[in-house]
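Residue numbers (the numbering used here), protein chains in the order written: chain A, 1089 to 1303; chain B, 1089 to 1303. Right, one structure below, let's go through it.
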């Protein structure tokens, strides 16, 4: 399975997870995220952003370590994160799109990034997105039936209805089970746990964010 | 104006803002948030939580500095944050309910706390809630017309549609204006700025989170 790794520019480097280095994978650096990748020895397929909080010397480091650099005006309709996904859709046909550097700092940025999945233009890539930081892994699911696997280092798992949900079922692989439950409004069902190595979940309508997390 | 201050138990003490100490105000401490208040000299009106990650000595500190302590079983349907708001609605009739200690750490916790406003049982207090940390202030608005004031230390302001929105208007107090725009799905309109000391915004349907933030 090949992946596109996108390092966003969150200021909270304490929560950053660095992507794995794999020959078949691709790397996008967004604004300060491009600098973080470049300084850590990654060769970046595409660096983009307005780079307005970066020095000229730092910009040079990014350019030297990037196949391509695209600079935007600071004032534009899309956020840098949205633009990175527009390019991801256009130029990188990977099975997974993994996002790093999205946590900490500005809450409006975080909410905007998570709410990207509500935008119709990104619907085709929603289920390929994975958000990773030190204590959380988030994936999105469209209606269907799925076998989920426990991450060894994570204690909790949570099912977040980004929309109303119908017939949500969690089988005995989970501590708290559900049997065809309906939820009329977006609801966060958090702090569930795997009691086995895996568990099956299914639902008929809506969009679910599944998060594995630890304290 | 009197306020109820609720300190939640987020592990990220770097982002914590401590509430002001005012004689007419009330204080709720939730789990480790109760310890943080007690250790910082606050006399707490109500401490609650499962306290399962706190030592006996720490529990004593909380008890000594609290008017009332309610301990829950760790396994319950509501989160500690939800329970604190249930008690807030029942016992504290303040004009504002200000939440602290909600950021950092587990993303499922954060999403759950922000999504509390989607739950019908909390509808009556949605517009009294304020979320504060070091870099963000968040308030919720129901349909209407409002004059918003710039916080001197915050550069950005963002309008987040928690639902579809109709006839969203932002007047010339803001850098990016809108005139009766409709949004068919939840959308984050972020990184706007005040260009004057205040600005008027209005909308006819939906729920808006207004965030002032800084890097």
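Using N, Cα and C, we set each Cβ at its ideal position, and we do this for glycine too.
Span separating the alpha-carbon of residue i from that of residue j
i: residue 1294 of chain B; j: residue 1112 of chain A; result: 45 Å
i: residue 1232 of chain B; j: residue 1150 of chain B; result: 42 Å
i: residue 1253 of chain B; j: residue 1190 of chain B; result: 26 Å
i: residue 1118 of chain B; j: residue 1125 of chain B; result: 9 Å
i: residue 1132 of chain A; j: residue 1215 of chain B; result: 45 Å
i: residue 1115 of chain B; j: residue 1115 of chain A; result: 47 Å
i: residue 1178 of chain A; j: residue 1171 of chain A; result: 11 Å
i: residue 1186 of chain B; j: residue 1093 of chain B; result: 5 Å
i: residue 1230 of chain B; j: residue 1271 of chain A; result: 22 Å
i: residue 1291 of chain A; j: residue 1106 of chain A; result: 33 Å
i: residue 1245 of chain A; j: residue 1146 of chain B; result: 28 Å
i: residue 1198 of chain B; j: residue 1097 of chain B; result: 11 Å
i: residue 1163 of chain B; j: residue 1095 of chain B; result: 21 Å
Per DSSP, cross-strand counterpart(s) of residue i
i: residue 1276 of chain B; result: B:1248
i: residue 1305 of chain B; result: Outside the displayed range of chain B (1089 to 1303) lies residue 1305 of chain B, so it cannot be described from this structure.
i: residue 1291 of chain B; result: B:1232
i: residue 1254 of chain A; result: A:1293
i: residue 1210 of chain A; result: BP columns for residue 1210 of chain A are empty, so no partner.
i: residue 1187 of chain A; result: A:1094 and A:1219
Same chain, Cβ closer than 7 Å to residue i, neighbours up to 5 away in sequence not counted
i: residue 1266 of chain B; result: 1256, 1257 and 1258
i: residue 1238 of chain A; result: 1282, 1285 and 1286
i: residue 1090 of chain B; result: 1112, 1113, 1182 and 1183
i: residue 1249 of chain A; result: 1271, 1274, 1275, 1294 and 1296
i: residue 1192 of chain A; result: 1098, 1099, 1100 and 1103
i: residue 1127 of chain A; result: 1149
Proximity test, Cβ basis, 8 Å: residue i and chain A
i: residue 1193 of chain B; result: yes
i: residue 1328 of chain B; result: Shown here, chain B extends from 1089 to 1303; a query on residue 1328 of chain B therefore has no answer.
i: residue 1138 of chain B; result: no
i: residue 1267 of chain B; result: no
i: residue 1104 of chain B; result: no
i: residue 1125 of chain B; result: no
Sequence-distant residues of the same chain with beta carbon closer than 6 Å to residue i, five excluded per side
i: residue 1302 of chain B; result: 1223, 1242 and 1243
i: residue 1227 of chain B; result: 1218 and 1298
i: residue 1269 of chain B; result: 1256
Chain B within 8 Å of residue i, Cβ atoms only
i: residue 1276 of chain A; result: yes
i: residue 1200 of chain A; result: yes
i: residue 1099 of chain A; result: yes
i: residue 1092 of chain A; result: no
i: residue 1248 of chain A; result: yes
i: residue 1114 of chain A; result: no
i: residue 1167 of chain A; result: yes
i: residue 1293 of chain A; result: no
i: residue 1095 of chain A; result: no
i: residue 1236 of chain A; result: no
Could you name each continuous alpha helix (DSSP H) segment of 4 residues or more that falls completely within the region 1112-1176 of chain B, going from the start of the chain to the end?
-> Counting whole runs of 4 or more residues, the region 1112-1176 of chain B contains the alpha helix (DSSP H) stretches 1120-1127 and 1144-1152.
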